[in-house]
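In our numbering, each residue's number is its place in the sequence shown (first place is 1) plus 2.
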Amino acid sequence: MSSNQLDKKTEAWSALFSEPMSELVKRYTASVFFDKRLWQADIQGSLAHAEMLAAQGIIGQSDHADIQRGMAQIAREIESGAFEWKLDLEDVHLNIEARLTQLVGDAGKRLHTGRSRNDQVATDVRLWLRGEIDLIDGLLTDLQRALVDVAEKNVDVILPGFTHLQVAQPVSFAHHLLAYVEMFARDAERLADVRRRTNRLPLGSAALAGTTYPLDRERVAKTLGMEGVCQNSLDGVSDRDFAIEFTAAASLCMVHISRLSEELILWMSQNFGFVKIADRFTTGSSIMPQKKNPDVPELARGKTGRVVGHLMALITLMKGQPLAYNKDNQEDKEPLFDTVDTLKDTLRIFAEMVGGQLNPATGQKEGGIAVNAAAMEAAANKGYATATDLADYLVKKGLPFRDAHETVAHAVKAATSHNCDLSELPLAVLQGFHPSIDKDVYDVLSLRGSLSARNTLGGTAPAQVRAQIARHRNRLG
Ligand code: ARG
């Protein structure tokens with residue numbers, strides 16, 4: 003085929019086709035307008051393939067040099083925006099190959115020896131996703147650091163811990179934030195695990211059955227920094243489980259973000275008033291002048307649905323596909339790309355919203371979440387958050403726990419009718435519930451006493467929380 007013929011390839015693939023594709027079918031089947039973002043991975047994969055073809059004597063050294071030269075020029079053209087993407091050439095792979103042949107002639111046509119777009123696209127998506135996973139890992143670290151920074155300043159700030167959104171027991175605000183650090187740390191672990199399975203090489207599987215050329219697949223894997231080669235050609239070209247796994251991990255990460263979003267939204271509401279986020283993450287209302295709406299957390303909560311939707315799209319795409327490659331798989335890209343974009347933007351914005359922005363003049367971060375410790379503490383003083391502490395106190399005086407539980411229920415009832423906290427009931431009143439109660443009871447009824455008493459590993463006592471902060475600092479570097 004002359005390069006002129008290659009340009010017309012989709013008008014009729016070969017002598018076998020008696021009519022060209024209609025415009026509608028061309029548009030329907032083309033992927034270049036979204037898969038062109040794989041161009042760097044496509045060139046990287048092609049260069050590794052060409053290097054191996056030359057090393058194996060399948061193409062000549064001068065062909066290899068021509069391919070390198072042509073690809074360098076193509077990369078420059080794409081970067082500068084001069085490259086002309088053609089819908090007629092269907093996808094990123096055919097666009098780049100056609101341009102290479104235009105630039106270097108026969109060497110360009112030899113590049114595809116022992117290769118198919120089926121193993122090429124599977125390789126490109128894996129290479130691209132590997133790079134994105136590494137970027138996301140960095141963003142997850144930034145967000146965890148931001149949370150740890152805020153936690154460090156708020157170890158002794160107390161807010162009500164909830165179960166069923168009812169006041170349960172007082173907890174340190176730092177402890178609360180560190181719960182999210184744990185979630186994001188697991189998200190990073192999950193992504194690292196997905197990366198291992200993503201980072202394997204399909205190239206060499208060719209269309210589906212392997213190839214007749216003496217390829218050195220291990221060499222290509224090594225050049226591309228991959229951990230190994232796909233060991234079955236049918237599987238290598240067809241499965242997209244790595245993309246599904248990635249989207250599942252991304253969905254979980256977004257679910258964690260949505261939980262944090264929901265808390266920020268509640269905490270910012272007038273009824274809580276626990277925190278403020280910087281104005282640049284909020285918007286006003288066009289009708290109600292007093293409003294400052296938490297748009298960013300709300301959108302993040304909404305975008306969680308979108309990412310979970312992409313997971314559904316990909317897993318449904320794969321379901322029931324017979325071996326090996328099917329064109330269905332071209333539909334893997336848009337959900338995958340949008341998952342990556344949404345997750346990256348969300349993590350970036352959350353790290354800044356929580357931790358603030360670096361002010362180069364002071365070297366300090368500014369404009370992170372502002373904490374209203376007094377409002378948190380006032381809320382913790384409502385709802386009898388130290389009732390369990392009183393029960394534990396009675397157990398230590400010898401009462402069986404169930405009896406202590408019942409005794410405290412009476413005390414709470416009395417406090418409710420006096421419209422006061424347990425710690426505000428006079429000693430004589432408390433002693434009416436049980437004679438073993440002494441004035442040291444007020445130590446356990448205080449929020450700080452309650453906190454310090456929960457000094458088991460993973461508990462909310464300030465000593466435990468400080469130890470966790472140190473562990474995270476050490477881990478996050
Ligand atoms: N654009 C295609 C995709 O994304 C490339 C592979 C095409 N292979 C084929 N046999 N039509 O999956």
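Idealized CB from N, CA, C, for every residue including glycine.
Just so we're clear, the structure is a prediction, and the values are computed from it rather than from any experiment.
- Taking the Cα of Ala469 as reference, the smallest distance to any Cα among Ser48, Ala176 and Leu18 is reached at Ala176.
- Within the model, the alpha-carbon separation for Ser48 versus Gln292 is close to 58 Å.
- Bridge partners of Glu265 according to DSSP: none are assigned.
- In this structure, Ile279 lies near Met355, with their beta-carbon atoms less than 8 Å apart.
- Rounded to the nearest angstrom, the Cβ distance from Val173 to Thr364 is 32 Å, too far for a contact under 8 Å.
- Within the same chain, Cβ atoms closer than 6 Å to the Cβ of Gly358 are found at Lys367, Glu368, Gly369 and Gly370, the five residues on either side in sequence being excluded.
- Membership of Asn361 in the beta strand (DSSP E) is indicated by the continuous run Gln359 to Asn361.
- Going by DSSP, Ala181 is part of the alpha helix (DSSP H) stretching over Phe175 to Thr200.
- Secondary structure of Pro402 (DSSP, three-state): coil.
- If you draw a straight line from the Cα of Thr200 to the Cα of Arg132, it comes to about 7 Å.
- Across the structure, Val159 and Asn120 are spaced so that their CA atoms are roughly 57 Å apart.
- In the DSSP assignment, Gln46 is bridged to no other residue.
- At least one heavy atom of ligand 1 sits closer than 7 Å to the Cβ of His95.
- Checking the 7 Å criterion, the Cβ of Val309 is out of range of every heavy atom belonging to ligand 1.
- Rounded to whole angstroms, the Cβ separation of Gln171 and Ala387 is 5 Å, and the two are in contact under 8 Å.
- Comparing alpha-carbon positions, the option among Arg475, Asp241 and Met228 lying closest to Asp334 turns out to be Asp241.
- The closest heavy atom of ligand 1 lies less than 7 Å from the beta carbon of Val123.
- For Glu368, the secondary structure class from DSSP, reduced to helix, strand or coil, is strand.
- At least one heavy atom of ligand 1 is found less than 7 Å from the C-beta of Asn120.
- Straight across, the Cα-Cα distance linking Asn331 with Asp151 is about 43 Å.
- Counting C-beta pairs closer than 8 Å gives three or more between the region 52-62 and the region 210-218, which meets the contact rule.
- Asp37 and Lys346 have their alpha carbons spaced roughly 19 Å apart.
- For Pro299, the uninterrupted alpha helix (DSSP H) segment begins and ends at Asp297 to Met320.
- Taking a C-beta distance under 8 Å as the contact criterion, Lys399 and Ser438 qualify as a contact pair.
- Ile76: not part of any beta strand (DSSP E); member of the alpha helix (DSSP H) spanning Gln63 to Ser82, first to last residue.
- Pairing Asp44 with Val94 gives a Cβ-Cβ distance under 8 Å.
- Ligand 1 has a heavy atom closer than 7 Å to the beta-carbon of Ser33.
- In the pairwise beta carbon analysis, the region 81-99 is classified as not touching the region 192-210: fewer than three pairs are separated by under 8 Å.
- About 5 Å separates the Cβ atoms of Val410 and Ala393, confirming a contact at the 8 Å cut-off.
- Taking 7 Å as the cut-off, the C-beta of Tyr327 counts as close to a heavy atom of ligand 1.
- For Lys305 and Gly385, the gap between their C-alpha atoms comes out near 34 Å.
- When beta bridges are read from the DSSP output, Phe164 appears opposite Val169.
- Counting only residues of its own chain and dropping the five nearest sequence neighbours on each side, Leu226 has a CB closer than 6 Å to the CB of Ala50.
- Here Asp391 really is in contact with Val446; their C-beta atoms are around 4 Å apart, less than 8 Å.
- In terms of side-chain proximity, the C-beta atom of Asp237 is found no nearer than 7 Å to any non-hydrogen atom of ligand 1.
- Under DSSP, the beta-bridge partners assigned to Leu203 are Val231.
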